[in-house]
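In my numbering, the protein residues as written are 256 to 829.
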């Protein structure tokens, strides 16, 4: 690995005070921090060390890593926040088995069910796409595990949700530290770092002034974007009351920290009254507010401006992609490690390729068994190790699924049904799944199916299913419905299938159906009819759609063929 860093000279060698930058948490309001950074750079005001919490940790950490203010601005404005703040990987990276299940159960969300009790996630968002985005932004310093060794010394703040203590993050993987600092409780799931369960640092220290002073800062530039307390008129429901409690903790600890400021320090409080902590679409305007706020303090900042000769901007380290010497895998589930390794296309001896590794991580997460899949680069004996960690879902591996179907012929009846399913996953080391589902409504049914992969890649599998259905059939004459039949039957099916990398699947098997049909309304004079059919069936499904309901790209092909024959036990041949 070759490394080139243009770092500033120490404050001592420049005969000037050590300047620390403290950035508060405040969600999307944190875009104002970028405006402050732009002014500091444009006016050659050096920053020697940085502390931050939540969004302040993210922007401060990126600045400490050597990114310029304008590079951070581009990242903030170009970021797809809607995609980042969900956990699902692109549909193309999901297995066909998962696609089939999601097609069947249309209502999002799969709570766990075990021991007669519901189990739900510890946060609305687990942070899968957030951690990948942060790893992308900090890839140039992924080899640095001591944050004092960054182009600017840096420390982030998180909270131990078990003990309630403030936790200072100054070693390890920078992306993981930033993710831990921004984990708003209930919104983001806690993340485990060095055995401690961490959430947003704003709960214990939203404005880490004391921390920056302890790092050796002589002068602090402090940016407080803390969300204010809500007025009485806004406290009308459970959500706003809960929000107010969090704000109370944050505001109180912020006041404690601000009391430590000295006469030499510069406090900036951008006017963000019209900005929401969750509206990232207003980032460009918030950046301007940050610039205007610091510009108003230019007289106080003037003594710290450096000449062009004395000011040497920190630049991003230029790192040559290392060669991967080995790949380590930490797998918390009952799945065999080979199942995960089949989804890792990066090989030992390859140059590290962020896009390829991120795709590997998505393929593993796309299996649907994991709460979070992440990666880090580690150094062992001067060699680079790619470490991939796959955390099991705390609410799994058995889940409830829900769906809703509405069919209408417009001129005639509509059919409505509610679906509920219970899946037992990780039944085998290769990820076998037993799914039992029931349809409640106009056409009730009950079905149980077993999907059994025969190899780690899931490219070959067996299946077995059986069920009962009660549905309606219709006779028409001159486009008018004349008779409605109730068709009740039992069926069982078994076969073998083949799948290729989540894009297509083909199956071949036998199906046997027995039942009776009788008229429930209309003009038919027919008596109840029994049927006993057996068939050889083949099906091919190709599905690369990016979305089930409103695909922007991709295609679906669903073709099937059936042969009914006496040799198979069928009453008829066709």
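Just so it is clear, CB atoms sit at the ideal spot from N, CA and C, and this is done for glycine as well.
Could you give the first and the last residue of the continuous beta strand (DSSP E) run that contains residue 521? Counting from one through the chain shown, the residue named residue 521 turns up at place 266. Its beta strand (DSSP E) spans residues 521–523.
Proximity below 9 angstroms, CB of residue 380 to CB of residue 414: In the chain shown, the residue the question calls residue 380 occupies position 125. In the chain shown, the residue the question calls residue 414 occupies position 159. Cβ atoms of residue 380 and residue 414: not closer than 9 angstroms.
Identity of the residues DSSP links to residue 656 by a beta bridge: Mapped onto the chain shown, residue 656 falls at position 401. Looking at the DSSP assignment, residue 656 forms a beta bridge with 676.
Same chain, Cβ closer than 7 angstroms to residue 697, neighbours up to 5 away in sequence not counted: Translated into the one-based positions of the chain shown, residue 697 becomes position 442. 670, 671 and 672, listed in sequence order.
Taking the alpha-carbon positions, what's the residue 258 to residue 761 distance? By one-based count along the chain shown, residue 258 stands at place 3. By one-based count along the chain shown, residue 761 stands at place 506. Note that residue 258 scores 32 on pLDDT, short of 50, meaning its location in the model is unreliable; the coordinates nonetheless yield the value given after this. If I take the Cα positions, the gap works out to 50 angstroms.
Is the distance from the Cβ of residue 552 to the Cβ of residue 521 below 9 angstroms? The residue labelled residue 552 in the question sits at position 297 within the chain shown. The residue labelled residue 521 in the question sits at position 266 within the chain shown. The answer is yes: Cβ separation under 9 angstroms.
Spatial neighbours of residue 338 within its chain, please: CB distance less than 8 angstroms, with the 5 preceding and 5 following residues excluded, ordered by chain position. Walking along the chain shown from the start, residue 338 turns up at place 83. Contacts found: 384.
I'd like the ranges of any alpha helix (DSSP H) spanning at least 4 consecutive residues and lying wholly in the stretch 521–553. When DSSP assignments are scanned along the stretch 521–553, the uninterrupted stretches of alpha helix (DSSP H) that are 4 or more residues long and fall wholly within it turn out to be 538–550.
Could you tell me whether the Cβ atoms of residue 583 and residue 642 are closer together than 9 angstroms? As a first step, residue 583 must be located in the chain shown, where it is residue number 328. As a first step, residue 642 must be located in the chain shown, where it is residue number 387. Cβ distance < 9 angstroms, so residue 583 and residue 642 count as in contact.
Enclosing alpha helix (DSSP H) for residue 290 [first to last residue]: Looking up residue 290 in the chain shown gives position 35. Element bounds for residue 290: 286–297.
Of the residues 532, 390 and 483, the one placed nearest residue 439, counting alpha carbons only: Position 184 of the chain shown, counted from the start, is the residue given in the question as residue 439. Checking every option, the nearest Cα to that of residue 439 belongs to 532.
Going by other Cβ atoms of all chains shown within 10 Å of its Cβ, with 16 needed for buried, is residue 347 buried or exposed? Locating residue 347 in the chain shown gives position 92, counting from the first residue. Buried: at least 16 other Cβ atoms inside 10 Å.
Tell me the rounded alpha-carbon separation between residue 353 and residue 623. Within the chain shown, residue 353 is the residue found at index 98, counting from 1. Within the chain shown, residue 623 is the residue found at index 368, counting from 1. Distance between the alpha carbons of residue 353 and residue 623: 7 angstroms.
Grouping DSSP H, G and I as helix and E and B as strand, with all else coil, what is residue 586? Within the chain shown, residue 586 is the residue found at index 331, counting from 1. Note: residue 586 maps to strand in three-state DSSP.
Which word fits residue 417, buried or exposed, when buried means at least 16 other C-beta atoms lie within 10 angstroms of its C-beta? Against the chain shown, residue 417 aligns to sequence position 162. Exposed, because fewer than 16 other Cβ atoms sit within 10 Å of the Cβ of residue 417.
Presumed contact (8 angstroms Cβ cut-off) between residue 728 and residue 742, rounded CB distance: For this step, residue 728 is matched to residue 473 along the chain shown. For this step, residue 742 is matched to residue 487 along the chain shown. Their Cβ separation, rounded to whole angstroms, is 5 angstroms, which keeps residue 728 and residue 742 in contact under 8 angstroms.
May I have the straight-line CA-CA distance separating residue 608 from residue 616, to the nearest angstrom? For the purposes of this step, residue 608 is identified with residue 353 of the chain shown, where counting begins at 1. For the purposes of this step, residue 616 is identified with residue 361 of the chain shown, where counting begins at 1. Cα to Cα, residue 608 sits roughly 12 angstroms from residue 616.
My understanding is that residue 693 touches residue 705, with C-beta atoms under 8 angstroms, so please give their C-beta distance in whole angstroms. Here the question's residue 693 lines up with position 438 in the chain shown. Here the question's residue 705 lines up with position 450 in the chain shown. Incorrect: roughly 17 angstroms between the Cβ atoms, too far for contact.
Could you tell me if residue 632 is buried or exposed, where buried requires 16 or more neighbouring beta carbons within 10 angstroms of its beta carbon? As a working mapping, residue 632 is identified with position 377 in the chain shown. That one is buried.
Out of 813, 816, 282 and 291, which has the shortest C-alpha to C-alpha gap to residue 549? Position 294 of the chain shown, counted from the first residue, corresponds to residue 549. When each option's Cα is compared against that of residue 549, the closest is 291.
Can you find a heavy atom of the ligand FMN that lies under 8 angstroms from the Cβ of residue 300? Absence of the ligand FMN from the depicted structure is noted, as is the absence of any ligand whatsoever, leaving it without description.
Go ahead and pull the three-state DSSP assignment for residue 432. Looking up residue 432 in the chain shown gives position 177. Looking at residue 432 - three-state DSSP - the assignment turns out to be helix.
What is the rounded straight-line gap between the Cα of residue 530 and the Cα of residue 492? Taking the chain shown and counting its residues from 1, one reaches residue 530 at position 275. Taking the chain shown and counting its residues from 1, one reaches residue 492 at position 237. Taking the straight line from one Cα to the other gives about 21 angstroms.
With 16 other CB atoms within 10 Å as the buried threshold, where does residue 270 fall? Translated into positions along the chain shown, residue 270 becomes position 15. Looking at its Cβ environment, which holds fewer than 16 other Cβ atoms inside 10 Å, residue 270 is exposed.
Within the stretch 357–444, note down every full beta strand (DSSP E) run reaching 3 residues or more, in order along the chain. 367–369, 372–374, 378–380, 408–415, 421–424 and 441–443
Give me whichever residues DSSP pairs with residue 773 in a beta bridge. The residue you call residue 773 lines up with position 518 of the chain shown. Per DSSP, 741.
Less than 7 angstroms between C-beta atoms, sequence neighbours within five positions excluded: which residues of the same chain meet that for residue 770? Your numbering for residue 770 matches position 515 in the chain shown. The residues are 742, 743, 744, 745 and 786.
Give the secondary structure of residue 558 by DSSP, where H, G and I count as helix, E and B as strand, and everything else as coil. Reading the chain shown from its first residue, position 303 is the one you call residue 558. Helix, per DSSP.
Hey, how far is the Cα of residue 229 from the Cα of residue 311? The requested residue 229 is not part of the displayed model; the chain covers only 256 to 829.
Tell me the rounded alpha-carbon separation between residue 716 and residue 391. Your numbering for residue 716 matches position 461 in the chain shown. Your numbering for residue 391 matches position 136 in the chain shown. Cα to Cα, the separation comes out at about 36 angstroms.
Euclidean distance between Cα positions of residue 446 and residue 796: Here residue 446 refers to the residue found at position 191 of the chain shown. Here residue 796 refers to the residue found at position 541 of the chain shown. Residue 446 and residue 796: Cα-Cα distance of roughly 38 angstroms.
Quick check on this structure: which residue in 437, 341 and 350 has the alpha carbon closest to the alpha carbon of residue 313? In the chain shown, counting from the first residue as 1, residue 313 sits at position 58. The shortest C-alpha separation from residue 313 is found at 437.
Looking at residue 763: is its Cβ nearer than 9 angstroms to the Cβ of residue 792? To locate residue 763, count along the chain shown from 1; it is residue 508. To locate residue 792, count along the chain shown from 1; it is residue 537. Going by C-beta atoms, residue 763 is nearer than 9 angstroms to residue 792.
How many Å lie between residue 340 and residue 277 at the Cα? Mapped onto the chain shown, residue 340 falls at position 85. Mapped onto the chain shown, residue 277 falls at position 22. Between residue 340 and residue 277, the C-alpha separation is close to 26 angstroms.
I'd like the span of the alpha helix (DSSP H) that includes residue 340, first residue to last. Mapped onto the chain shown, residue 340 falls at position 85. Where residue 340 is concerned, there is no enclosing alpha helix (DSSP H), because DSSP gives it neither an H nor an E.
Under three-state DSSP, which class holds residue 632? Position 377 of the chain shown, counting from 1, holds the residue named residue 632. Shown here, residue 632 sits in a strand according to DSSP, grouped into three states.
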